[in-house]
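Visitor:
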Amino acid sequence: MDELIAQTNDSEPSHHPRATTGWVEVIAGSMFSGKSEELIRRLRRAKIARQKVQVFKPEIDTRFSQDHIVSHSEMRHESANIRSAAEVLAKVEADTEVVGIDEGQFFDNELVRVANELAQRGVRVIIAGLDQDYTGKPWEPMPQLLAIAEYITKTHAICMKCGQPANYTQRTVESEERVAVGGGDMYEARCRRCFVPHADAPTVHPE
Ligand SMILES: [Zn+2]
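Going by our numbering, the sequence shown opens with residue 1440, and the numbers climb by one from there.
(1) Let me know the secondary structure DSSP gives residue 1532 once reduced to three states.
(2) Distance, Cα to Cα, residue 1577 vs residue 1570?
(3) Between 1473, 1585 and 1466, which lies nearest to residue 1648 when the distance is taken from Cα to Cα?
(4) Between residue 1610 and residue 1530, what straight-line distance do the alpha-carbon atoms span, to the nearest angstrom?
(5) Do residue 1487 and residue 1496 count as a contact pair if the criterion is CB distance below 8 Å?
(6) Determine the extent of the beta strand (DSSP E) in which residue 1496 is found, giving its start and end residues.
(7) Determine the burial state of residue 1615: buried for a count of at least 16 other Cβ atoms within 10 Å of its Cβ, exposed for fewer.
(8) Can you grab the Cα-Cα spacing for the pair residue 1617 / residue 1479, in whole Å?
(9) For residue 1509, which beta-bridge partners are listed by DSSP?
(10) Pull up the DSSP beta-bridge partners for residue 1609, would you.
(11) Check this for me: beta carbons of residue 1595 and residue 1604, under 8 Å apart or not?
(12) Helix, strand or coil for residue 1520, going by three-state DSSP, please let me know.
(13) For residue 1499, which residues in the same chain have their Cβ closer than 8 Å to its Cβ, ignoring the five residues on either side in sequence?
(14) Nearest CA to the CA of residue 1538: which residue from 1562, 1525 and 1547?
(15) Using only alpha-carbon positions, find the residue among 1536, 1550, 1599 and 1636 that is nearest to residue 1629.
(16) For residue 1593, which beta-bridge partners are listed by DSSP?
(17) Between residue 1467 and residue 1568, is the Cβ-Cβ spacing less than 8 Å?
(18) Is residue 1600 near ligand 1 - that is, is its Cβ less than 7 Å away from at least one heavy atom of it?
(19) Output the boundary residues of the alpha helix (DSSP H) element that contains residue 1563.
(20) Might you give, ordered along the chain, the residues of its own chain that have their beta carbon closer than 6 Å to the beta carbon of residue 1627, omitting 5 neighbours on each side?
(21) Are there any heavy atoms of ligand 1 lying less than 7 Å away from the beta-carbon of residue 1603, as far as the coordinates show?
(22) Kindly indicate the opening and closing residues of the alpha helix (DSSP H) around residue 1553.
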């Protein structure tokens, strides 16, 4: 590392261990919009290029697997479970080039600082997550992450009522909890017109 710094231009910050700049990518959308699939696709491409990749997901999400992120289409990539955003910083190794994080909405705003710090170090950070909760409210820290990201991809599902592009996650069972982990048994993708921002409105059209 000393050699590396010696070779860099004097005007560059001396704590910068890499020649390349890092950045933050956010993949945001409703459930069933292919967020995890898109994350896994990007991680796989990085690995094909022999880049060192580390992937994390919150411990809360054990729907499909303890040690993999898995898309609804059953693409999978190995991952480590973490309880807090700070744990990401502790677990990212010095030579890691790409960090993937799934289900970003299950972390607190600390994830914003962590993403910025990793990018500052030269890491490519890719975070996927739900940008709204089941009532249609922006789900922090995703809005904050969208603000700091260099690159944003908004993924859309297909409305399960009318077939239009869907931007909302409709909860179809009664629960007032913001976090209720489930899949097609508890949620549907809906467009703006068909979305009903209540937990107990599985089949009622808003008109
Ligand atoms: Zn619709």
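Note that the Cβ used here is the ideal one computed from N, Cα and C, for glycine as well. Fair warning: this is a prediction, and the values are worked out from it, not measured in the lab.
Guide: Reading from the atomic positions:
(1) For the purposes of this step, residue 1532 is taken as the residue at position 93 of the sequence shown. Residue 1532 falls in the coil class under three-state DSSP.
(2) The sequence position of residue 1577 within the sequence shown is 138, counting from 1. The sequence position of residue 1570 within the sequence shown is 131, counting from 1. Whole-angstrom Cα-Cα distance: 6 Å.
(3) Summary: the structure shown does not reach residue 1648, with the chain confined to residues 1440 through 1646, and so no result is reported for it.
(4) Locating residue 1610 in the sequence shown gives position 171, counting from the first residue. Locating residue 1530 in the sequence shown gives position 91, counting from the first residue. One C-alpha to the other measures close to 34 Å.
(5) Within the sequence shown, numbered from 1, the residue matching residue 1496 stands at position 57. Within the sequence shown, numbered from 1, the residue matching residue 1487 stands at position 48. Against a cut-off of 8 Å, the Cβ pair of residue 1487 and residue 1496 comes out as no contact.
(6) Counted from its first residue, the sequence shown places residue 1496 at position 57. Counting along the chain, the unbroken beta strand (DSSP E) around residue 1496 starts and ends at 1492-1497.
(7) Walking along the sequence shown from the start, residue 1615 turns up at place 176. By the 10 Å Cβ count, residue 1615 comes out exposed.
(8) As a working note, residue 1617 is residue 178 in the sequence shown. As a working note, residue 1479 is residue 40 in the sequence shown. Those two C-alpha atoms are separated by around 26 Å.
(9) Locating residue 1509 in the sequence shown gives position 70, counting from the first residue. Paired residue(s): 1515.
(10) Within the sequence shown, numbered from 1, the residue matching residue 1609 stands at position 170. Paired residues: 1627.
(11) Numbered from 1 along the sequence shown, position 156 holds the residue referred to as residue 1595. Numbered from 1 along the sequence shown, position 165 holds the residue referred to as residue 1604. Contact: yes.
(12) On the sequence shown, position 81 is the one that residue 1520 refers to. The answer is strand: DSSP assigns residue 1520 an E or B state.
(13) Against the sequence shown, residue 1499 aligns to sequence position 60. Hits under 8 Å: 1542, 1545, 1618 and 1620.
(14) Residue mapping note: residue 1538 aligns to position 99 of the sequence shown, counting from 1. Taking only the C-alpha atoms, the option nearest residue 1538 is 1562.
(15) As a working mapping, residue 1629 is identified with position 190 in the sequence shown. The residue with the shortest Cα to Cα distance from residue 1629 is 1599.
(16) Counted from its first residue, the sequence shown places residue 1593 at position 154. DSSP lists 1467 as partners of residue 1593.
(17) Here residue 1467 refers to the residue found at position 28 when the sequence shown is read from its first residue. Here residue 1568 refers to the residue found at position 129 when the sequence shown is read from its first residue. Yes, the Cβ-Cβ distance between residue 1467 and residue 1568 is below 8 Å.
(18) Within the sequence shown, numbered from 1, the residue matching residue 1600 stands at position 161. At least one heavy atom of ligand 1 is nearer than 7 Å to the Cβ of residue 1600, so yes.
(19) Residue numbering aside, residue 1563 sits at position 124 when the sequence shown is read from its first letter. Run containing residue 1563: none in the alpha helix (DSSP H); it sits in the beta strand (DSSP E), 1563-1569.
(20) Here residue 1627 is taken as the residue at index 188 of the sequence shown, counted from 1. Answer for residue 1627: 1599, 1609 and 1611, listed in chain order.
(21) Stepping through the sequence shown from its first residue, residue 1603 is reached at position 164. Residue 1603: yes, Cβ under 7 Å from ligand 1.
(22) Position 114 of the sequence shown holds residue 1553. Per DSSP, residue 1553 belongs to the alpha helix (DSSP H) from 1549-1560.
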